[in-house]
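See below for the structure under consideration.
There are 2 protein chains.
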Amino acid sequence: MMFHSKPIFSFIFILFISISFASKATPNHEEQQSLTYLWPLPSNFTSGNYSLSVDPSLTHSVIGNGGVAYSPLLDSAFERYRSIIFKHAGFGFGRKLRASFSVVPYDITTLNIVLHSDNEELQLGVDESYTLLVSKGNESYVGGEATIEANTAYGALRGLETFSQLCSFDYTTKTVQIHKAPWSIQDKPRFAYRGLMLDTSRHYLPISIIKQVIESMSYAKLNVLHWHIIDEESFPLEIPTYPNLWKGSYTKWERYTVEDAYEIVNFAQMRGINVMAEIDVPGHAESWGAGYPDLWPSPSCKEPLDVSKTFTFDVISGILSDMRKIFPFELFHLGGDEVHTDCWSNTPHVKEWLQKHNMTTKDAYEYFVLKAQDIAISKNWIPVNWEETFNTFPSKLHPQTVVHNWLVSGVCAKAVAKGFRCIFSNQGFWYLDHLDVPWNEVYNTEPLEGIHKESEQKLVLGGEVCMWGETADASDVQQTIWPRAAAAAERMWSPRDSTPAKNLNFTVLPRLQHFRCLLNRRGVAASPVTNFYARRAPDGAGSCYDQ
Amino acid sequence: MMFHSKPIFSFIFILFISISFASKATPNHEEQQSLTYLWPLPSNFTSGNYSLSVDPSLTHSVIGNGGVAYSPLLDSAFERYRSIIFKHAGFGFGRKLRASFSVVPYDITTLNIVLHSDNEELQLGVDESYTLLVSKGNESYVGGEATIEANTAYGALRGLETFSQLCSFDYTTKTVQIHKAPWSIQDKPRFAYRGLMLDTSRHYLPISIIKQVIESMSYAKLNVLHWHIIDEESFPLEIPTYPNLWKGSYTKWERYTVEDAYEIVNFAQMRGINVMAEIDVPGHAESWGAGYPDLWPSPSCKEPLDVSKTFTFDVISGILSDMRKIFPFELFHLGGDEVHTDCWSNTPHVKEWLQKHNMTTKDAYEYFVLKAQDIAISKNWIPVNWEETFNTFPSKLHPQTVVHNWLVSGVCAKAVAKGFRCIFSNQGFWYLDHLDVPWNEVYNTEPLEGIHKESEQKLVLGGEVCMWGETADASDVQQTIWPRAAAAAERMWSPRDSTPAKNLNFTVLPRLQHFRCLLNRRGVAASPVTNFYARRAPDGAGSCYDQ
Numbered sequence: 001m002m003f004h005s006k007p008i009f010s011f012i013f014i015l016f017i018s019i020s021f022a023s024k025a026t027p028n029h030e031e032q033q034s035l036t037y038l039w040p041l042p043s044n045f046t047s048g049n050y051s052l053s054v055d056p057s058l059t060h061s062v063i064g065n066g067g068v069a070y071s072p073l074l075d076s077a078f079e080r081y082r083s084i085i086f087k088h089a090g091f092g093f094g095r096k097l098r099a100s101f102s103v104v105p106y107d108i109t110t111l112n113i114v115l116h117s118d119n120e121e122l123q124l125g126v127d128e129s130y131t132l133l134v135s136k137g138n139e140s141y142v143g144g145e146a147t148i149e150a151n152t153a154y155g156a157l158r159g160l161e162t163f164s165q166l167c168s169f170d171y172t173t174k175t176v177q178i179h180k181a182p183w184s185i186q187d188k189p190r191f192a193y194r195g196l197m198l199d200t201s202r203h204y205l206p207i208s209i210i211k212q213v214i215e216s217m218s219y220a221k222l223n224v225l226h227w228h229i230i231d232e233e234s235f236p237l238e239i240p241t242y243p244n245l246w247k248g249s250y251t252k253w254e255r256y257t258v259e260d261a262y263e264i265v266n267f268a269q270m271r272g273i274n275v276m277a278e279i280d281v282p283g284h285a286e287s288w289g290a291g292y293p294d295l296w297p298s299p300s301c302k303e304p305l306d307v308s309k310t311f312t313f314d315v316i317s318g319i320l321s322d323m324r325k326i327f328p329f330e331l332f333h334l335g336g337d338e339v340h341t342d343c344w345s346n347t348p349h350v351k352e353w354l355q356k357h358n359m360t361t362k363d364a365y366e367y368f369v370l371k372a373q374d375i376a377i378s379k380n381w382i383p384v385n386w387e388e389t390f391n392t393f394p395s396k397l398h399p400q401t402v403v404h405n406w407l408v409s410g411v412c413a414k415a416v417a418k419g420f421r422c423i424f425s426n427q428g429f430w431y432l433d434h435l436d437v438p439w440n441e442v443y444n445t446e447p448l449e450g451i452h453k454e455s456e457q458k459l460v461l462g463g464e465v466c467m468w469g470e471t472a473d474a475s476d477v478q479q480t481i482w483p484r485a486a487a488a489a490e491r492m493w494s495p496r497d498s499t500p501a502k503n504l505n506f507t508v509l510p511r512l513q514h515f516r517c518l519l520n521r522r523g524v525a526a527s528p529v530t531n532f533y534a535r536r537a538p539d540g541a542g543s544c545y546d547q
Numbered sequence: 001m002m003f004h005s006k007p008i009f010s011f012i013f014i015l016f017i018s019i020s021f022a023s024k025a026t027p028n029h030e031e032q033q034s035l036t037y038l039w040p041l042p043s044n045f046t047s048g049n050y051s052l053s054v055d056p057s058l059t060h061s062v063i064g065n066g067g068v069a070y071s072p073l074l075d076s077a078f079e080r081y082r083s084i085i086f087k088h089a090g091f092g093f094g095r096k097l098r099a100s101f102s103v104v105p106y107d108i109t110t111l112n113i114v115l116h117s118d119n120e121e122l123q124l125g126v127d128e129s130y131t132l133l134v135s136k137g138n139e140s141y142v143g144g145e146a147t148i149e150a151n152t153a154y155g156a157l158r159g160l161e162t163f164s165q166l167c168s169f170d171y172t173t174k175t176v177q178i179h180k181a182p183w184s185i186q187d188k189p190r191f192a193y194r195g196l197m198l199d200t201s202r203h204y205l206p207i208s209i210i211k212q213v214i215e216s217m218s219y220a221k222l223n224v225l226h227w228h229i230i231d232e233e234s235f236p237l238e239i240p241t242y243p244n245l246w247k248g249s250y251t252k253w254e255r256y257t258v259e260d261a262y263e264i265v266n267f268a269q270m271r272g273i274n275v276m277a278e279i280d281v282p283g284h285a286e287s288w289g290a291g292y293p294d295l296w297p298s299p300s301c302k303e304p305l306d307v308s309k310t311f312t313f314d315v316i317s318g319i320l321s322d323m324r325k326i327f328p329f330e331l332f333h334l335g336g337d338e339v340h341t342d343c344w345s346n347t348p349h350v351k352e353w354l355q356k357h358n359m360t361t362k363d364a365y366e367y368f369v370l371k372a373q374d375i376a377i378s379k380n381w382i383p384v385n386w387e388e389t390f391n392t393f394p395s396k397l398h399p400q401t402v403v404h405n406w407l408v409s410g411v412c413a414k415a416v417a418k419g420f421r422c423i424f425s426n427q428g429f430w431y432l433d434h435l436d437v438p439w440n441e442v443y444n445t446e447p448l449e450g451i452h453k454e455s456e457q458k459l460v461l462g463g464e465v466c467m468w469g470e471t472a473d474a475s476d477v478q479q480t481i482w483p484r485a486a487a488a489a490e491r492m493w494s495p496r497d498s499t500p501a502k503n504l505n506f507t508v509l510p511r512l513q514h515f516r517c518l519l520n521r522r523g524v525a526a527s528p529v530t531n532f533y534a535r536r537a538p539d540g541a542g543s544c545y546d547q
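If you're matching them up, the sequences are chains A and B in order. Every letter in the first sequence is one number past the one before it in UniProt numbering, and letter 180, counting from 1, is 180. Every letter in the second sequence is one number past the one before it in UniProt numbering, and letter 102, counting from 1, is 102.
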């Protein structure tokens, strides 16, 4: 627990609201046995053996240190969750039916949110801890109560997600019930960085699809969208300073305006999700030259970006200046992977430049990466680079650099041993385009493997599952992401000792299947869990909970 | 044209709104060449060579015969389409930017909807015709105008869809433009019944997913959701009269309440889509016995439903009574396919009953189907039956029966020759679970093939693509439906002579790819068009418009 709980019963208004309802909380054998599955598993929780009904007219209150607090972020989050929780019962017909039986009051009529800070800045390491209490209440009043207490609105968002997972629609009474009450949950994430990468260069993903992905990330408590915006295939984003760059888009309809990008950042922030933008340099950047052919070493040799020209770094600086206005997150990804320097050594003017500066192509790669880092740092960004930069010139990287592992095991261990921070994305397990990695291998992958010193463990910011886009477009991206991204999400959120390594089919699988069905209910096209190959169709007819 | 256009310029308020804006409609060479693809193709249209901008604060007016009309259905449809049309530009950031340039007025500021009837009853054959005019307006005022004129709100809905397809976001000016104006479109459907079948028994489809399917159907102007609710695998729907029936659901979370069903019907109706419910009897009904084992011939031989018991028909009657309150559509599907009668001849008490009534199993099949038809007719429903009923005892079927083709070619021809109405769903082409049928074969399939007399052609109500659910669940159902369902949708909407049979790759494919990308932009997981196998991932990186 990162903060001390205040006695929540001290709020007089809660008492006031509650005493007007008689509790009908009654233990019920069948209900006790009902599933209440949470994903990801909270750090710490206890549950009980009675059930509480939730009013379809559920309201919420937000109380800050100075009394009633104004939080449009939490107000809109509450409305989202209300429509999730009452998908069956409430809103219209269901409520009308219920009204005719209104002699039976509901137990939970208000969700109380208590915030200890009104700072809504969303940065790396933002406090996402929360407590959630759902109970009959104490002896001084009848009726139930539900209270989320958090240090920040983002902690409260995580608590809202957990609250929504406690609620289940009971088809017999046609009410929403919280089984196994009382619930006392103290929760916080294990890692500060819990990411998902989207690649909008191999396939353009429309805004609506990106929003669907972000929305579903919030269900699994992921908190960073790593937006791999541009790659060699296409350059979809508008860059006002260099307006020809998005001529590198596939078509003039497969583009993002600056306003679109703002909208994505804002949509994500409302869900407690940071957007980390990436421009991958100097490799993976062929599409830049569609608008500015000078960025290519030559028209016949187009990658990496021309290291010899000042213009190249002017463009990078221009892009970063424009992006800085859009992306408030403190991390910015500069790529740096898979740089094949043949075009540098084969193009006369670049070769000349290398000779003049007494550089090998490897030196030039280092020169390029460090220069890009300087630009990012000058714009108050912490640079993130794919692991090749660390593997090639570890001692030269800016000490603030966050090393992004992808190629092999053990890179984060080496990086943190040298004092760098690290993000874990081992491709063998956390690359979602690798369709032959079953959920349990994703689940069992441990970002801290081989890192034993506490001081070094702290340098692992977290991890990220990567959805490379070669075969993932608007038609199958969600299906490829889910449910495996959820397996990684629990690994990154829940305490290491509560995520068992053995007998997963008994200890974890039913809960993951339950979460997959929850995603489906919420309209997310999450695939069957147990197919060996990801995103395959179900083999035959059957229940969502078995497949 | 099914009605005479009134001179739309007679509305003084249009004049009033329009004269306050100076037209900036200017022909532009690049814009002239811009794509304006419509799907399905309207019956009749002309276009021109200039472009008109659309105000992100676009408003609408609905005028009925008696002046300003009140249509919540059209109001909410307009809001849906507004958010589709202005996905990029409007709402918030984009609009704020635009405001700073507000010296440039928009051409289209109001969409005028003129209705000739305020009857909002949605039944088979409802008038879906509309005209849509988009132009600079006549000489008496400046500024552009857009007017949909229709006999019913449902015609206006179709017009709204077409209007939304005319609008495209221009990334250069960051405005929504209608290219190739003036547009004059007179449109109406070729067939009254343009269906899609969903199977919620092989896999339970959550409400959100069903709504996504319905929403996307409206984009292709499909107008009947055939809801194959129940089959042998599961019985998900609540039947208040026989409350144990939904014990046949997979789990207690994979169910639809009566209120859920109402909500689906209402959601569909708001989009001009009827819901035709099906209970498939006497075969495909094993799941009924989970709640009432008496419906099985015996606990070891569970299908077809026990023909010998009055109880069986009481239950059917009870189900139909309950469903009649939910489903206002005049057609009701009684199934009747694939009836294997071994359990009747092998179960002693049924065998006895057959002997007593001097019936063969084939007689009993006929007896069952006709008795179910009588029940449906007594509840004021027109029975629809799969073709086996017609193939087996054509002269016995109730003359109102609508024969639903699925097995082979030529069934509709035989049915209409005998005076029955028919729905075309040839499994070789219009069963969406047949993944090896490419889009062009779906497109080229003709419901009227082999039917030459006009009087007989009129008896073909239309067709339906069927999404059987064995391998289609929440994760892949949209991906399997689209884009092939759109190919059938155009076949059923557009005039036969405007849907060419040859050179489809040049004449139709680019337009279908455009529609697939439109679906993606609207958040629908429509698959690449040109993959031979449906719902496959794209082969590699590339533009949506090429795949």
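C-beta: ideal position from N, C-alpha, C; glycine also.
Nearest-angstrom beta carbon gap, residue 53(B) and residue 176(B) [assumed within contact, 8 Å]: Within the second sequence, the letter at position 176 stands for residue 176(B). Within the second sequence, the letter at position 53 stands for residue 53(B). Yes, residue 176(B) and residue 53(B) are in contact; Cβ-Cβ is about 7 Å, under 8 Å.
Residue 538(A), buried or exposed, once every other Cβ within 10 Å from all chains shown has been counted against 16: The sequence position of residue 538(A) within the first sequence is 538, counting from 1. Burial call: buried.
Chain-order list of residues whose beta-carbon lies under 7 Å from that of residue 522(A) (same chain, five-residue window excluded): Locating residue 522(A) in the first sequence gives position 522, counting from the first residue. These residues qualify, in order along the chain: 84, 219.
Rounded separation between residue 528(B) and residue 475(A) - CA only: The sequence position of residue 528(B) within the second sequence is 528, counting from 1. The sequence position of residue 475(A) within the first sequence is 475, counting from 1. Residue 528(B) and residue 475(A): Cα-Cα distance of roughly 8 Å.
Residues of its chain near residue 404(B), where Cβ-Cβ distance is below 8 Å and the 5 sequence neighbours each way are ignored: Indexing the second sequence from 1 puts residue 404(B) at position 404. Here the set comprises 333, 384, 385, 386, 387, 422, 423, 425, 464.
Alpha-carbon spacing of residue 127(A) relative to residue 168(B), whole angstroms: On the first sequence, residue 127(A) is found 127 positions in, with the first residue counted as 1. On the second sequence, residue 168(B) is found 168 positions in, with the first residue counted as 1. Approximately 42 Å between the Cα atoms of the pair.
Own chain residues within Cβ distance below 6 Å of residue 207(A), not counting five before or after: Residue numbering aside, residue 207(A) sits at position 207 when the first sequence is read from its first letter. These residues qualify, in order along the chain: 260.
Environment of residue 532(A) [buried if 16+ CB atoms lie within 10 Å]: Along the first sequence, one-based indexing puts residue 532(A) at 532. It counts as exposed.
Environment of residue 42(A) [buried if 16+ CB atoms lie within 10 Å]: As a position in the first sequence, residue 42(A) is number 42, starting the count at 1. So residue 42(A) counts as buried.
C-alpha gap between residue 186(B) and residue 40(B), whole angstroms: Translated into positions along the second sequence, residue 186(B) becomes position 186. Translated into positions along the second sequence, residue 40(B) becomes position 40. In a straight line, the C-alpha of residue 186(B) is about 13 Å away from that of residue 40(B).
Closest residue to residue 67(B) among 418(B), 114(B), 512(B) (Cα-Cα distance): As a working mapping, residue 67(B) is identified with position 67 in the second sequence. Looking at the Cα atoms, 114(B) is the closest of the given residues.
Residue of 455(B), 397(B), 456(B), 172(B) minimising C-alpha distance to residue 251(A): Here residue 251(A) refers to the residue found at position 251 when the first sequence is read from its first residue. With distances taken between Cα atoms, residue 251(A) lies closest to 172(B).
Nearest candidate by alpha-carbon position, reference residue 117(A), set 515(A), 62(A), 146(A), 105(A): Mapped onto the first sequence, residue 117(A) falls at position 117. For the residues 515(A), 62(A), 146(A), 105(A), the minimum Cα distance to residue 117(A) belongs to 62(A).
Closer than 8 Å to chain A by CB, residue 212(B): Locating residue 212(B) in the second sequence gives position 212, counting from the first residue. It does: the Cβ of residue 212(B) has a partner Cβ on chain A nearer than 8 Å.
Residue 459(A) and residue 420(A) closer than 8 Å at C-beta: In the first sequence, residue 459(A) corresponds to position 459, counting from 1. In the first sequence, residue 420(A) corresponds to position 420, counting from 1. Taking 8 Å as the Cβ cut-off, residue 459(A) and residue 420(A) qualify as a contacting pair.
Residue 514(B) - DSSP class collapsed to helix/strand/coil: Reading the second sequence from its first residue, position 514 is the one you call residue 514(B). Three-state DSSP puts residue 514(B) in a helix.
Within 8 Å, strictly: CB atoms of residue 482(A) and residue 433(A): If you number the first sequence from 1, residue 482(A) lands on position 482. If you number the first sequence from 1, residue 433(A) lands on position 433. Against a cut-off of 8 Å, the Cβ pair of residue 433(A) and residue 482(A) comes out as no contact.
Test item: CB-CB of residue 184(B) and residue 133(B) under 8 Å: Locating residue 184(B) in the second sequence gives position 184, counting from the first residue. Locating residue 133(B) in the second sequence gives position 133, counting from the first residue. In this structure, residue 133(B) lies closer than 8 Å to residue 184(B) by Cβ.
Segment limits, beta strand (DSSP E) that includes residue 59(A): Position 59 of the first sequence, counted from the start, is the residue given in the question as residue 59(A). It spans 50-64 - the beta strand (DSSP E) in which residue 59(A) sits, taken as one unbroken run.
Beta-carbon proximity check, residue 153(B) vs residue 73(B), cutoff 8 Å: Sequence index remark: in the second sequence, residue 153(B) carries index 153 (1-based). Sequence index remark: in the second sequence, residue 73(B) carries index 73 (1-based). Yes. Within cutoff.
Bounding residues of the alpha helix (DSSP H) (the contiguous stretch that carries residue 484(A)): The residue you call residue 484(A) lines up with position 484 of the first sequence. Element bounds for residue 484(A): 484-493.
Continuous beta strand (DSSP E) stretch holding residue 403(B): start and end: Sequence index remark: in the second sequence, residue 403(B) carries index 403 (1-based). First-last of the beta strand (DSSP E) with residue 403(B): 402-404.
Residues within the region 166-196 of chain A neighbouring chain B, beta-carbon criterion of under 9 Å: 168, 169, 170, 171, 172, 174
Listed by chain order, chain A residues near residue 44(B) by CB distance under 9 Å: For the purposes of this step, residue 44(B) is identified with residue 44 of the second sequence, where counting begins at 1. Those within 9 Å of residue 44(B) in chain A number zero; the least Cβ separation is about 27 Å.
Backbone CA spacing between residue 473(A) and residue 224(B) [nearest angstrom]: Within the first sequence, the letter at position 473 stands for residue 473(A). Within the second sequence, the letter at position 224 stands for residue 224(B). Straight-line Cα distance between these residues: approximately 29 Å.
Secondary structure of residue 527(A), DSSP reduced to three states: The residue labelled residue 527(A) in the question sits at position 527 within the first sequence. Note: residue 527(A) maps to coil in three-state DSSP.
Start-to-end residues for the alpha helix (DSSP H) that takes in residue 505(A): Indexing the first sequence from 1 puts residue 505(A) at position 505. First-last of the alpha helix (DSSP H) with residue 505(A): 504-507.
Per-residue burial, residue 81(B) [other beta carbons within 10 Å of its own, 16 or more giving buried]: Indexing the second sequence from 1 puts residue 81(B) at position 81. Residue 81(B) comes out buried.
Straight-line gap, residue 356(B) to residue 344(B) (C-alpha atoms, nearest Å): Stepping through the second sequence from its first residue, residue 356(B) is reached at position 356. Stepping through the second sequence from its first residue, residue 344(B) is reached at position 344. Taking the straight line from one Cα to the other gives about 13 Å.
For residue 177(B), the three-state DSSP class (helix, strand or coil): Taking the first residue of the second sequence as position 1, residue 177(B) is located at position 177. Correct three-state label for residue 177(B): strand.
Beta-bridge partners of residue 197(B), as assigned by DSSP: As a position in the second sequence, residue 197(B) is number 197, starting the count at 1. For residue 197(B), which the question treats as bridged, DSSP gives the partners 226(B), 466(B).
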